[in-house]
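**Student:** Structure in C-alpha cells, see below.
In the UniProt record's numbering, the protein residues as written are 1 to 56.
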C-alpha cells in the first residue's frame, strides 16, 4: 500500500511539473494506457503461474 501511495504521489508531482513547463504529459491515452497496465500485470501473473506449474 505504501508503494502505491508513493507511486501515485510521484505521478501527480510529475504531472504538475510537466504541466508547469508546458510539456506534453508522459502518459498514453486513458484506455490504451489502462489496457497496457492490465496486460503487464496479467503477463506477470501468467509467468508466475507457469513457473509454478512447470516447476512441479
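Yeah, the Cβ is synthetic: ideal placement off N, Cα and C, and Gly gets one too. Keep in mind it's a predicted model, so treat the numbers as computed, not measured.
1) Distance, Cα to Cα, residue 39 vs residue 50?
2) Which whole-angstrom value is the C-beta distance of residue 36 and residue 25, which I expect to be below 8 angstroms?
3) Excluding the five sequence neighbours on either side, which residues of its own chain have a C-beta within less than 8 angstroms of the C-beta of residue 18, listed in chain order?
**Tutor:** Short version:
1) Whole-angstrom Cα-Cα distance: 16 angstroms.
2) Not really, about 15 angstroms apart at Cβ, beyond 8 angstroms.
3) Closer than 8 angstroms at Cβ, skipping near neighbours: 24, 25, 26.
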